[in-house]
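J.:
Residue numbers (this note's numbering): 1199 to 1499.
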């Protein structure tokens, strides 16, 4: 977000505006109505603003940089000045949200810089605590009780609680697409309850042959996944950093959001991994081929 702002406005000017309340006061005042230097200085004295000398110095600097222009003896904000002021307002909003949601944001990987921090204002933060260490997991299980037509998710752990919550979703008419890391595949095959569920509900051909089953698909990627994700009907998102980020379970947190900006980001993020995913049978074959080509593994067999 910060980098996007700085593509449109000078980074140093944004930093200086954030540091100087007098610069902000002058730019905001001139944006409301053009004024002469003397008028600004007089208003500043009445409102506890900058001194006459400071007003002159700042306006001269703004004129030199193109943020303010003089017209008929009065000074007014240019289009570039309005962009600087709006960028500062947006930047301040982002910082406020970053501080408010810091328990969640601190564990997001750095390469997720496209995450729309400014869209977090109305998001609910769910936190684990020493007395309630499963709040985040409970949020992902509770959402399975909601009736929806389409569900997309990223799951990075094997959890009987999650499995039991989502079995009804998988056996319903909901369109389901879930992405797992490859390491979960072996755990699923070792889970007798899951295998029985697969056989009972017609997923066996999908697991064995990769043929679509009902309205559900399971995709596997060979890389670690940085988040747990649930997207319901393109209207609601629950998102939490995964254990691969290093987040301790005791201090894990998630966001629950219906903001369109976050929903759009989550959908794009999900599809980027789904596009790289493979159905179970293909993932298994690739794993076996990789094991067969590993000299150390063959030597130990």
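Even for Gly, the Cβ is constructed at its ideal location relative to N, Cα and C.
(1) By how many angstroms is the C-alpha of residue 1275 removed from the C-alpha of residue 1228?
(2) For residue 1257, which residues in the same chain have their Cβ closer than 7 angstroms to its Cβ, ignoring the five residues on either side in sequence?
(3) Residue 1453 and residue 1321: beta carbons closer than 8 angstroms?
(4) What three-state label does DSSP hand residue 1274 in the structure shown?
(5) Between the stretch 1435-1451 and the stretch 1325-1345, do at least 3 Cβ pairs fall closer than 8 angstroms?
(6) Short check: CB of residue 1220 to CB of residue 1247, under 8 angstroms?
(7) Helix, strand or coil: which one does DSSP assign to residue 1421?
(8) Whose C-beta lies closer than 6 angstroms to the C-beta of residue 1337 among residues of the same chain, with five residues either side of it excluded?
(9) With a cut-off of 8 angstroms, do at least 3 Cβ pairs link the stretch 1371-1390 to the stretch 1420-1427?
(10) On the criterion of 16 or more Cβ atoms from any shown chain inside 10 Å, does residue 1331 qualify as buried, or is it exposed?
(11) Roughly how many angstroms separate the alpha carbons of residue 1408 and residue 1440, rounded to a whole number?
(12) What first and last residue would you give for the beta strand (DSSP E) that runs through residue 1348?
(13) Would you please verify whether the beta carbon of residue 1432 is less than 8 angstroms from any beta carbon of chain D?
(14) Which same chain residues, not among the five before or five after residue 1253, have their C-beta less than 7 angstroms away from its C-beta?
(15) Closest by CA to residue 1366, which one among 1355, 1346, 1353 and 1289?
(16) Tell me the DSSP secondary structure of residue 1323 in three-state form.
(17) Given this structure, state the Cα-to-Cα distance separating residue 1268 from residue 1212, to the nearest angstrom.
(18) Under a three-way DSSP split, which group does residue 1426 fall into?
(19) Starting from the Cα of residue 1358, find the closest Cα among 1372, 1415 and 1382 and give me that residue.
(20) Using the beta-carbon count (16 or more within 10 Å), is residue 1316 buried or exposed?
(21) In the DSSP output, which residue or residues are listed as bridge partners for residue 1213?
(22) To the nearest angstrom, how far is the alpha carbon of residue 1231 from that of residue 1304?
(23) Would residue 1385 be called buried (16 or more neighbouring beta carbons within 10 Å of its own) or exposed?
(24) Which runs of the beta strand (DSSP E) at least 3 residues long sit entirely within the stretch 1245-1302? Give them in chain order.
(25) Is the beta carbon of residue 1350 sitting closer than 8 angstroms to the one on residue 1468?
(26) Taking the Cβ atom as the reference point for each residue, do residue 1307 and residue 1460 lie within a distance shorter than 8 angstroms?
(27) Please report the straight-line C-alpha distance between residue 1370 and residue 1487, rounded to a whole angstrom.
(28) Using the C-alpha atoms, what's the distance from residue 1281 back to residue 1335?
(29) Could you name the residues of the same chain whose beta carbon sits closer than 7 angstroms to that of residue 1296, not counting the 5 residues immediately before and after it, in chain order?
T.: A quick look at the data gives this:
(1) Answer to the nearest angstrom: the Cα atoms are 6 angstroms apart.
(2) The beta carbon of residue 1257 lies closer than 7 angstroms to those of 1224, 1235, 1266 and 1273 in the same chain, with the five residues before and after it left out.
(3) Judged by their CB atoms, residue 1453 and residue 1321 are nearer to each other than the 8 angstroms cut-off.
(4) Residue state for residue 1274 is assigned as strand, using DSSP reduced to three classes.
(5) Short answer: they touch.
(6) The answer is yes: Cβ separation under 8 angstroms.
(7) Reduced to three states, the DSSP call for residue 1421 is coil.
(8) Non-local beta-carbon contacts of residue 1337 in its own chain, meaning distances under 6 angstroms to residues more than five positions away in sequence, involve 1324, 1436 and 1452 in chain order.
(9) The stretch 1371-1390 is in contact with the stretch 1420-1427.
(10) Residue 1331 should be labelled exposed.
(11) Below a pLDDT of 50, predicted positions are generally treated as unreliable, and residue 1408, at 49, falls in that range; the measurement from the model is reported next regardless. So the two alpha carbons sit approximately 27 angstroms from each other.
(12) For residue 1348, the enclosing beta strand (DSSP E) begins and ends at 1348-1352.
(13) Absent here is chain D; the protein component of the structure consists of one chain.
(14) Excluding five sequence positions before and after residue 1253, the CB atoms of its chain that fall closer than 7 angstroms to its own CB belong to 1224, 1235, 1238, 1239 and 1242, given in chain order.
(15) The shortest Cα separation from residue 1366 among 1355, 1346, 1353 and 1289 belongs to 1346.
(16) Note: residue 1323 maps to strand in three-state DSSP.
(17) Looking at the two C-alpha atoms, the distance is approximately 22 angstroms.
(18) Note: residue 1426 maps to strand in three-state DSSP.
(19) The candidate whose alpha carbon is nearest that of residue 1358 is 1382.
(20) When all chains shown are included, residue 1316 counts as buried.
(21) In the DSSP output, where bridge partners are listed per residue, residue 1213 has none listed.
(22) In a straight line, the C-alpha of residue 1231 is about 41 angstroms away from that of residue 1304.
(23) It counts as exposed.
(24) Segments of the beta strand (DSSP E) lying fully in the stretch 1245-1302: 1266-1269 and 1272-1275.
(25) The answer is yes: Cβ separation under 8 angstroms.
(26) No, the pair does not count as a contact, with Cβ atoms beyond the cut-off.
(27) In a straight line, the C-alpha of residue 1370 is about 35 angstroms away from that of residue 1487.
(28) Roughly 42 angstroms separates the two Cα atoms.
(29) Answer for residue 1296: 1303 and 1315, listed in chain order.
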